[in-house]
Amino acid sequence: MNVLTIPCEGMPQPLRREINAMLHLAYRCDGEVSPDEALHRPELEARAFYLKDNGRLAAYASVFGKAITQQGRVFSLGSLGCVATHPELRGRGLGERVVVAASDWLRTCGRYDIAAFSCDAGLLPFYRRAAGWEAADVVLVANENENALRSDTLGKVVMLELLSGRARTAEPLFRGATINLDLPPGEFV
Ligand SMILES: CC(C)(COP(=O)(O)OP(=O)(O)OC[C@H]1O[C@@H](n2cnc3c(N)ncnc32)[C@H](O)[C@@H]1OP(=O)(O)O)[C@@H](O)C(=O)NCCC(=O)NCCS
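Counting from -15, one number per residue, gives the positions in the sequence shown under the working numbering.
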């Protein structure tokens, strides 16, 4: 059972449906699942990482990216998102395996200056053990709106790594910083 990967854009419809249904279940979403909904906006150029168990989708994670501007300088930021394991298949290391594959790609694909995403504080040990992620002293803010989603008010910890040489050179811009993700209302990473 290997972790499989495919760009989200142009993904076969049966796989998209299976992922939407599993995420709906894993995140205990209300209401009906929207089976054909795009997993991510196309401009985020998302990539899917998934594991199947006996033909059934067992675990999923995605990597997607966008540009951010930090103190007037533009950087490409890549995120890990939609990490989930089918509720019946948890505790077997499947979540860890998709996180490892997605994290390796996020760090080494060469697309991104920075890796950043947030999670509940309780999940930090999971991400640390899976792929060495560590919490950073930064706040992610969805956009400039007064009521924008923020990692600190949501009680989330932020994982941040400076990947490219130019991001590492600009490290002081990110130390203790607030990073505006410039996302549409309702979206967060
Ligand atoms: C988080 C999740 C992907 C883990 O999947 P999994 O396949 O069970 O993960 P693994 O088997 O690789 O690792 C399990 C470890 O994660 C820990 N873990 C799982 N969910 C956790 C949670 N909500 N809070 C704290 N720790 C959690 C478990 O304690 C376990 O550690 P242990 O083996 O020391 O007991 C899965 O629980 C899930 O889909 N949760 C709902 C969606 C979600 O919260 N996604 C993360 C968004 S940032």
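Think of the CB as a built atom: it goes at the ideal place given N, C-alpha and C, for glycine as much as any other residue.
* Touch check for the stretch 29 to 39 and the stretch 132 to 150: three-plus C-beta pairs under 8 Å? -> no
* What's the C-alpha gap between Gln(-3) and Ile52? -> 31 Å
* Per-residue DSSP class, three states only, for Asn4 -> helix
* **contact_flag[the stretch 39 to 50, the stretch 70 to 82] where n(CB pairs < 8 Å) is 3 or more** => yes
* Asked: Beta carbon of Ala115, beta carbon of Val142: below 8 Å?
  -> no
* Using beta-carbon positions only, say whether Asn127 and Asp166 come within less than 8 Å of one another. => yes
* Assign Ile163 to one of two classes, buried (16 or more other C-beta atoms within 10 Å of its C-beta) or exposed (fewer than that). => buried
* Asked: For the alpha helix (DSSP H) that Thr137 lies in, which residues bound it at each end?
  -> Run containing Thr137: none; DSSP gives neither H nor E here.
* Say the cut is 7 Å; is the CB of Val67 nearer than that to a heavy atom of ligand 1? -> yes
* Specify, as a first and last residue, the run of the beta strand (DSSP E) that Tyr96 falls within. => Per DSSP, Tyr96 belongs to no beta strand (DSSP E) and is neither H nor E.
* To do: Return the CA-CA distance between Arg152 and Pro109, expressed in angstroms with no decimal places.
  => 25 Å
* **the stretch 82 to 96 touching the stretch 129 to 138, judged by at least three CB pairs closer than 8 Å** => no
* **Buried/exposed call for Leu(-12), threshold 16 Cβ in 10 Å** => exposed
* Please go through the stretch 7 to 42 and give each complete beta strand (DSSP E) segment of 3 or more residues, from N-terminal end onward. => 31 to 37
* **Three-way DSSP call (helix, strand, coil) for Gly75 in this model** => coil
* **Through-space distance from Ala161 to Val122, alpha-carbon basis** => 5 Å
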